[in-house]
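Beneath this line is the structure, given in structure tokens, with notes to follow.
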Amino acid sequence: KKVILKSELNEESGIYVFSVEDNGIGIESSHFQDIFQLFKRLHAKEEYPGGTGSGLTMTRRLVEKHGGKVWLESEEGVGSTFYFTLQPQE
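Read left to right, the sequence shown gives residues 67 to 156 (the numbering used here).
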């Protein structure tokens, strides 16, 4: 599996946009909000071992605490891209 990390500065807003893209199984859009719930897993541990279901929750909380946003785009069978924004420190 391939993972692509990107970062860019939006010159107009001065906000950094980071993305993490994979070519995994993808996520159905009806689950987009579910995956940010603490300890929520979309698959049984037997199917996809590892993880506790807390990583995306902690990521969202940390990013929002710093004034940023987290979201994703995904297509089943193609993969997902997770985005988050951060404002530069002054």
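Ideal Cβ positions, reconstructed from N, Cα and C, are used throughout, including at glycine.
Short Cβ contact (8 Å threshold) for residue i with residue j
| i | j | result |
| --- | --- | --- |
| Glu94 | Glu142 | yes |
| Ser73 | Phe84 | yes |
| Thr123 | Gln99 | no |
| Val86 | Phe148 | yes |
| Val136 | Gly92 | no |
Residue i (DSSP reduced to helix, strand or coil)
| i | result |
| --- | --- |
| Val86 | strand |
| Lys131 | helix |
| Ser79 | coil |
| Gly119 | coil |
| Phe148 | strand |
| Ile93 | coil |
Selection from the options that minimises the alpha carbon distance to residue i
| i | options | result |
| --- | --- | --- |
| Gly133 | Lys67, Gly92, Gly80 and Leu71 | Gly80 |
| Arg127 | Leu152, Leu71 and Asp88 | Leu152 |
Buried versus exposed, by CB contacts within 10 Å (16 or more), residue i
| i | result |
| --- | --- |
| Ser120 | exposed |
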